[in-house]
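Reading through the structure tokens given below for one structure.
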Amino acid sequence: MRTAAPLLPVLALALALAGCGQQSGPPASDASPASSNDPRFQPLAAYDMPDDDGRTVGRARWTLAKECMVRLGFEGLKNLDIDPLPAWPRRPSGLPLRHPKGRRARRGPPTP
6 MRTAAPLLPV LALALALAGC GQQSGPPASD ASPASSNDPR FQPLAAYDMP
56 DDDGRTVGRA RWTLAKECMV RLGFEGLKNL DIDPLPAWPR RPSGLPLRHP
106 KGRRARRGPP TP
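Written as structure tokens, this is what we have:
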């Protein structure tokens, strides 16, 4: 430790001088404004699909859902026509998210 002690003030001075120095020139930047079609400014546009691809994905989604539901025992969905694609199911806006009688009615009576 004795041999390193004289080096500590020298290192501290070198770090202070390096941190307080000025830049050699102005920072490099693009002089022209970026186009609004630049993908860096529209990151979600890269994930947008043409209509044909969207229909293909929708058909695949409904095919997988139909096969899964049939495996779970919903035999009536075997003959579901997916051409044209049905609308994806949504919760009706008039239904509340909470049970009208509270959590106890939903879970049943407490067990002793």
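In the working numbering, each residue's number is its place in the sequence shown (first place is 1) plus 5.
Beta carbons: idealized from backbone N, C-alpha and C, even for Gly.
- Three or more C-beta pairs closer than 8 angstroms, one from the region 81-90 and one from the region 51-71: is that the case here? yes
- Assigned secondary structure, leucine 13 (DSSP; H/G/I helix, E/B strand, else coil): Within the sequence shown, residue 13 is the residue found at index 8, counting from 1. The answer is helix: DSSP assigns leucine 13 an H, G or I state.
- Query: In terms of residue numbering, what span does the alpha helix (DSSP H) encompassing glycine 63 cover?
  - Reply: The residue labelled residue 63 in the question sits at position 58 within the sequence shown. 56-76 is the span of the alpha helix (DSSP H), which, as asked, contains glycine 63.
- Item | Euclidean distance between Cα positions of leucine 16 and cysteine 25 | Along the sequence shown, one-based indexing puts residue 16 at 11. Along the sequence shown, one-based indexing puts residue 25 at 20. Straight-line Cα distance between these residues: approximately 14 angstroms.
- Name the residue from Leu13, Ala19, Leu77 and Val62 whose alpha carbon lies nearest to the alpha carbon of proline 162. The first residue shown for the chain is 6 and the last is 117, placing residue 162 beyond what the model contains.
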